[in-house]
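In the working numbering, the protein residues as written are 401 to 523.
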């Protein structure tokens, strides 16, 4: 499970449902786009800004023409809807993603090691 190295991206993901989409990595799903086209493929990456990278894609444009693509990158602003596969346990996926983020954030333990957000020293 890949977790972003960026503090900003981890914070955005932790506080939104984009972590559910990040948990779909490796699953085949359909992404509906704002221009009424659809892309069905295996999710290879989703970042905190909902940019989605799919592999082995079947792309259907709004006229109904079907294209096969090895890979497709969809910017987050063009995503209208992401279909969650039936076999995905939504709650377990969110919890697993949050645990991964917290493992990175507190990699030395909660009271030891480097902190991502150091506390201010009180005088």
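The beta carbon of each residue, even a glycine, is placed where N, CA and C say it ideally should be. This one's a predicted model, so the numbers in the text were calculated from it and none came from an experiment.
* Contact check, residue 471 vs residue 457 under 8 Å by CB: the rounded distance? -> 7 Å
* To do: Drop a sphere of 10 angstroms on the beta-carbon of residue 464, count the other beta-carbons inside from all chains shown, and report buried for 16 or more, exposed for fewer.
  => The residue is exposed, with fewer than 16 neighbouring Cβ atoms inside 10 Å.
* To do: Pick out the complete alpha helix (DSSP H) segments inside the segment 437-475, 4 residues or longer, and give them in chain order.
  => none
* Which of the three DSSP states, helix, strand or coil, is assigned to residue 431? -> In the structure shown, residue 431 sits in a strand (DSSP, three-state: E or B).
* **Reduced DSSP category for residue 480 - H, G, I as helix; E, B as strand; rest coil** => strand
* Note down, in chain order, each residue of its chain lying with its Cβ closer than 6 Å to the Cβ of residue 497, except the 5 sequence neighbours on either side. => 419, 422, 423
* Per-residue burial, residue 441 [other beta carbons within 10 Å of its own, 16 or more giving buried] -> buried
* residue 495 versus residue 431 - alpha carbon distance -> 23 Å
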